[in-house]
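Enquirer: Mind having a look at this structure? Questions to follow.
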Amino acid sequence: MRFDEITAVQPTYQSLAADYADVHEALDRGDLRRALAEWDRLRRVNETWLSLVHLHFSQDTLNPQYKSDRNYADELGPVIIGYDTAIRRRLLALDAAPVVTQYGQHALDIWRNEVTTFDAVIAEDLEEESRLEARYTELLASAKIEFDGKILNLAGLVPYTESLNRNTRYRATRTRWVFFEKNGDELDEIYSRLTRLRHAMACKLGDTTFTALGYRRMGRLDYGVEEVASYRREILTHVVPLIGRVIRQRQHENHLDVLYAWDEALVDAAGNPKPEGDGDTLASKAQLMFNGMDSRLAGFYRRMNDGNFMDLMIRPTKAGGGFCTAFPIFGMPYIFANFNGTHHDIDVFTHEMGHAFQYYQSRNQPTVDYLWPTAEAAEIHSMALEFLSYPMIDTMFGEQAERYRRMHLISALEFLPYGACVDHFQHEIYANPNASPSERHAIWLKLERLYLPWRKWGDLSYPAKGGRWQAQGHIFSSPFYYIDYTLAGCCALQFWVKSQENYRACFDAYVNLCSLGGSAPFTGLIEAAGLKSPFEPGVLEGVVKVAAQRLAL
Ligand SMILES: [Zn+2]
232 MRFDEITAVQ PTYQSLAADY ADVHEALDRG DLRRALAEWD RLRRVNETWL
282 SLVHLHFSQD TLNPQYKSDR NYADELGPVI IGYDTAIRRR LLALDAAPVV
332 TQYGQHALDI WRNEVTTFDA VIAEDLEEES RLEARYTELL ASAKIEFDGK
382 ILNLAGLVPY TESLNRNTRY RATRTRWVFF EKNGDELDEI YSRLTRLRHA
432 MACKLGDTTF TALGYRRMGR LDYGVEEVAS YRREILTHVV PLIGRVIRQR
482 QHENHLDVLY AWDEALVDAA GNPKPEGDGD TLASKAQLMF NGMDSRLAGF
532 YRRMNDGNFM DLMIRPTKAG GGFCTAFPIF GMPYIFANFN GTHHDIDVFT
582 HEMGHAFQYY QSRNQPTVDY LWPTAEAAEI HSMALEFLSY PMIDTMFGEQ
632 AERYRRMHLI SALEFLPYGA CVDHFQHEIY ANPNASPSER HAIWLKLERL
682 YLPWRKWGDL SYPAKGGRWQ AQGHIFSSPF YYIDYTLAGC CALQFWVKSQ
732 ENYRACFDAY VNLCSLGGSA PFTGLIEAAG LKSPFEPGVL EGVVKVAAQR
782 LAL
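Numbering-wise (this note's numbering), the sequence shown opens with residue 232 and increments by one.
In structure tokens:
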């Protein structure tokens with residue numbers, strides 16, 4: 232299977248009406264088996280089309296055809312959700328036993344949750360939400376930044392923000408924030424509209440704020456805002472002081488009188504290790520790395536590479552960041568990234584490979600609802616693979632491998648307070664949907680001082696006044712997603728600890744977790760994988776302690 236063989240027929244209003252009428256007809260006839268099969272096939276077809284449209288748009292945000300396809304998908308998306316919701320409602324009204332026999336109880340729990348996130352009265356709002364999210368992506372992708380005689384986009388600036396030369400780091404960091412300052416009003420406007428829109432949708436669905444709806448949209452069936460708030464407190468208590476020590480150590484190692492924000496990204500005083508070789512070399516070295524880790528993973532990567540299911544190199548007008556998407560009709564995932572020659576390339580690559588491998592392992596789950604788990608579980612597959620690559624990472628970093636492992640472990644810990652800050656910010660934002668832009672910036676600043684008390688912005692006035700959050704795409708496009716990385720991080724660290732005791736057994740448990748896909752909720756999946764819940768008091772503290780010992784902190 233090759234990526235260029237992946238095609239999708241664009242549905243129309245008429246074709247959707249006819250296709251979903253077939254499902255209803257089968258239900259009318261009492262033919263549940265046939266209705267479920269037809270509905271599942273239809274959802275795989277639609278998802279394949281949506282994935283392809285979103286991928287194309289991310290690959291070239293200025294391509295007029297891709298843009299118009301994305302607009303059409305934004306328009307049709309809520310229509311499809313409307314049809315799916317109607318089917319779910321009908322299925323939930325039937326005798327549950329035959330569905331439970333076929334799919335297990337969890338599918339019904341998913342549907343029962345999902346029907347509460349949609350009603351025809353919010354269809355237009357959803358379309359508008361999607362348009363605003365696309366506008367954010369376009370605006371950031373449009374960055375053409377002149378730096379040292381080159382024209383760069385935001386991802387292209389990253390290597391300079393990690394330079395050994397302090398002045399280069401400062402200039403690159405300043406240049407980045409000048410871009411955000413210049414576009415700050417539009418970013419504020421996009422976010423004002425998004426928060427008002429989300430609040431209005433929640434009210435139309437009977438909620439008092441967007442938070443409860445946001446949690447339901449994330450499919451959280453087994454925990455709520457209290458559990459998340461107490462997890463953030465665990466991070467504050469057990470991780471923030473530790474990172475304070477990490478930062479002081481960095482300041483000392485780099486012989487700096489003050490460690491400013493532009494000094495933070497230089498984790499290794501000898502220079503952050505870089506992978507050896509260009510993108511193509513890395514792609515073939517990755518095969519050697521995966522060969523040494525596990526034969527199932529190695530075979531899967533060969534299929535991805537041979538079939539061209541990856542777009543890794545940085546290009547102008549490409550959307551920022553990295554992600555994994557999939558084409559359910561064909562059972563293949565796809566990896567999107569922006570390699571810029573730094574260690575991030577390997578972080579992103581092993582991360583997205585984890586998502587892709589999970590998708591591939593669980594592609595034969597009986598329902599499309601089980602192909603992906605909820606996000607906090609999905610991020611375990613990706614983040615754990617970053618750690619499970621440690622023993623073979625020498626393939627990518629040669630003699631710098633040990634320094635890469637140290638840097639990666641430090642970064643994983645450093646991420647936890649930032650992740651909690653982004654999450655806390657969103658809880659305050661949706662509790663105050665009418666806050667003005669300057670009030671929002673003040674909320675960020677207050678939380679930044681709580682979770683990242685070491686941060687010193689110096690004379691970078693825009694982030695110093697609280698503008699940092701505008702660079703975090705999830706705040707715009709994936710509300711409440713961010714804590715999921717910190718929950719998964721706690722689980723991925725547990726995999727890291729286990730991998731040192733028995734790598735083989737640990738990798739088997741990892742593959743087993745991947746194969747389960749989304750067939751259980753978060754806490755059920757981690758229990759099946761033999762992991763402890765991050766919500767259990769002391770679990771985060773325990774795993775962070777092991778990491779701190781390894782780092783001699
Ligand atoms: Zn991920």
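For glycine and all other residues, C-beta sits at the position ideal for the given N, C-alpha and C.
#1: Between which residues of its own chain and ALA778 is the CB-CB distance below 7 Å, once the five residues before and five after are set aside?
#2: Taking just the CA atoms, how far does ALA496 sit from PRO648?
#3: Got a sec: does ligand 1 put a non-hydrogen atom nearer than 6 Å to the Cβ of GLU607?
#4: So, for ASN663: in the same chain, excluding its five sequence neighbours on each side, which residues have a beta-carbon less than 8 Å away from its beta-carbon?
#5: Can you tell me whether DSSP reads GLU393 as helix, strand or coil?
#6: Between the Cα of ALA760 and the Cα atoms of PRO768, PHE726, ILE478, which residue gives the shortest distance?
#7: When burial is assigned at 16 or more other CB atoms within 10 Å of the CB, is LEU325 buried or exposed?
#8: How would the residue list near ligand 1 read, in chain order, if you kept each one whose beta-carbon is closer than 6 Å to any heavy atom?
#9: So, with DSSP's three-state summary, where would you put LYS298?
#10: I believe GLU393 touches THR573 by the beta-carbon criterion, under 8 Å. Please report the beta-carbon distance rounded to the nearest angstrom.
#11: Can you give me the Cβ contacts of HIS672 inside the same chain, cut-off strictly under 7 Å, excluding the 5 residues immediately before and after it?
#12: Going by the CB atoms, is the gap between ASP578 and PHE738 shorter than 7 Å?
#13: Could you check the C-alpha separation between THR440 and MET584 for me, to the nearest Å?
#14: Can you tell which of MET627, SER709, GLU364, GLU345 has the C-alpha that lies nearest to the C-alpha of ARG447?
#15: In chain order, which continuous runs of the alpha helix (DSSP H) of length 4 or greater are located wholly inside the segment 381-434?
#16: Apart from the five residues just before and just after HIS575, which ones in its own chain have a Cβ nearer than 8 Å to its Cβ?
#17: For the beta strand (DSSP E) that contains THR556, what are its first and last residues?
#18: Roughly how many whole angstroms lie between the Cα atoms of MET535 and ARG233?
#19: Nearest to LEU322 by CA position, among THR292, HIS612, SER373, VAL254, is which residue?
#20: Helix, strand or coil: which one does DSSP assign to ASN503?
#21: Assign LEU497 to one of three DSSP states: helix, strand, or coil.
#22: In angstroms, rounded to a whole number, what distance separates the CA positions of ASP356 and PRO668?
#23: Can you list, in chain order, the stretches of the alpha helix (DSSP H) that have 4 or more residues and sit fully within the segment 249-337?
#24: Pull the bridge partners of PRO564 from the DSSP assignment, please.
#25: Just how far apart, CA to CA, sit GLN731 and ASP509?
#26: Along the chain, where does the beta strand (DSSP E) that runs through ASP715 open and close?
#27: Quick one: give me the first and last residue of the beta strand (DSSP E) that LEU519 is part of.
#28: Is it true that the CB of PRO504 sits closer than 7 Å to the CB of TYR635?
#29: Does the beta-carbon of VAL775 have 16 or more other beta-carbons within 10 angstroms, so that it is buried, or is it exposed?
#30: So what's LEU683 in DSSP terms, helix, strand or just coil?
#31: Check whether the segment 594-612 and the segment 740-755 are in contact - that is, three or more C-beta pairs closer than 8 Å.
#32: Can you tell me which of ILE624, ALA517, ALA740, LEU267 puts its alpha carbon nearest to the alpha carbon of ARG331?
#33: Please name the residue or residues paired with ILE376 in a DSSP beta bridge.
#34: Is DSSP giving ASN571 helix, strand or coil here?
#35: Kindly list the residues whose CB is nearer than 8 Å to the CB of HIS285, restricted to its own chain and excluding five residues on each side of it in sequence; keep chain order.
#36: Could you tell me the boundaries of the alpha helix (DSSP H) in which MET627 lies?
Expert: Here's the rundown:
#1: As a first step, residue 778 must be located in the sequence shown, where it is residue number 547. Answer for ALA778: LEU640, LEU644, LEU724, listed in chain order.
#2: Looking up residue 648 in the sequence shown gives position 417. Looking up residue 496 in the sequence shown gives position 265. Spanning the two alpha carbons is a distance of roughly 15 Å.
#3: Against the sequence shown, residue 607 aligns to sequence position 376. False, no ligand heavy atom lies under 6 Å from that Cβ.
#4: Position 432 of the sequence shown, counted from the start, is the residue given in the question as residue 663. Counting only Cβ-Cβ distances below 8 Å, and skipping sequence neighbours, we find GLU670, ILE674.
#5: Within the sequence shown, numbered from 1, the residue matching residue 393 stands at position 162. Reduced to three states, the DSSP call for GLU393 is coil.
#6: Within the sequence shown, the letter at position 529 stands for residue 760. Per the Cα distances, PHE726.
#7: In the sequence shown, residue 325 corresponds to position 94, counting from 1. By the neighbour-count rule (16 or more Cβ atoms within 10 Å), LEU325 is not buried but exposed.
#8: HIS582, HIS586, GLU610, SER613
#9: By one-based count along the sequence shown, residue 298 stands at place 67. LYS298: helix per DSSP, three-state reduction.
#10: Mapped onto the sequence shown, residue 393 falls at position 162. Mapped onto the sequence shown, residue 573 falls at position 342. Indeed, because the Cβ distance is near 6 Å, the residues count as touching under 8 Å.
#11: As a working mapping, residue 672 is identified with position 441 in the sequence shown. Once the five neighbours on either side are set aside, the close Cβ partners of HIS672 are LYS696, GLY697, GLY698.
#12: Locating residue 738 in the sequence shown gives position 507, where the first residue counts as 1. Locating residue 578 in the sequence shown gives position 347, where the first residue counts as 1. No.
#13: Translated into positions along the sequence shown, residue 440 becomes position 209. Translated into positions along the sequence shown, residue 584 becomes position 353. Taking the straight line from one Cα to the other gives about 36 Å.
#14: Taking the first residue of the sequence shown as 1, we reach residue 447 at position 216. The candidate whose alpha carbon is nearest that of ARG447 is GLU345.
#15: 385-392, 397-413
#16: As a working note, residue 575 is residue 344 in the sequence shown. Contacts found: VAL389.
#17: As a working note, residue 556 is residue 325 in the sequence shown. Unbroken beta strand (DSSP E) run through THR556: 554-558.
#18: Numbered from its first residue, the sequence shown carries residue 535 at position 304. Numbered from its first residue, the sequence shown carries residue 233 at position 2. Distance between the alpha carbons of MET535 and ARG233: 8 Å.
#19: Here residue 322 is taken as the residue at index 91 of the sequence shown, counted from 1. Of the candidates THR292, HIS612, SER373, VAL254, the one whose C-alpha sits nearest the C-alpha of LEU322 is VAL254.
#20: Taking the sequence shown and counting its residues from 1, the one referred to as residue 503 is at position 272. It is coil, neither helix nor strand.
#21: Residue numbering aside, residue 497 sits at position 266 when the sequence shown is read from its first letter. Three-state DSSP puts LEU497 in coil, outside helix and strand.
#22: Mapped onto the sequence shown, residue 356 falls at position 125. Mapped onto the sequence shown, residue 668 falls at position 437. Computed Cα separation, rounded: 21 Å.
#23: 263-290, 295-324, 328-334
#24: Here the question's residue 564 lines up with position 333 in the sequence shown. The partner list for PRO564 (beta bridge, DSSP) reads ALA557.
#25: As a first step, residue 731 must be located in the sequence shown, where it is residue number 500. As a first step, residue 509 must be located in the sequence shown, where it is residue number 278. Spanning the two alpha carbons is a distance of roughly 31 Å.
#26: What you label residue 715 is simply residue 484 of the sequence shown in a count that begins at 1. Run containing ASP715: none in the beta strand (DSSP E); it sits in the alpha helix (DSSP H), 714-732.
#27: Translated into positions along the sequence shown, residue 519 becomes position 288. Segment 510-524 is the alpha helix (DSSP H) holding LEU519; no beta strand (DSSP E) there.
#28: To locate residue 635, count along the sequence shown from 1; it is residue 404. To locate residue 504, count along the sequence shown from 1; it is residue 273. Closer than 7 Å, so yes.
#29: Translated into the one-based positions of the sequence shown, residue 775 becomes position 544. VAL775 should be labelled buried.
#30: Along the sequence shown, one-based indexing puts residue 683 at 452. Three-state DSSP puts LEU683 in coil, outside helix and strand.
#31: yes
#32: As a working note, residue 331 is residue 100 in the sequence shown. Strictly speaking, residue 331 in this sequence is Val, with Arg absent from that position. Nearest option by C-alpha distance: LEU267.
#33: Reading the sequence shown from its first residue, position 145 is the one you call residue 376. Looking at the DSSP assignment, ILE376 forms a beta bridge with LEU383.
#34: Numbered from its first residue, the sequence shown carries residue 571 at position 340. The answer is coil: DSSP assigns ASN571 none of H, G, I, E or B.
#35: Counting from 1 along the sequence shown, the entry for residue 285 is found at position 54. Closer than 8 Å at Cβ, skipping near neighbours: ARG301, ALA304, THR556.
#36: Locating residue 627 in the sequence shown gives position 396, where the first residue counts as 1. Run containing MET627: 625-628, per the alpha helix (DSSP H) assignment.
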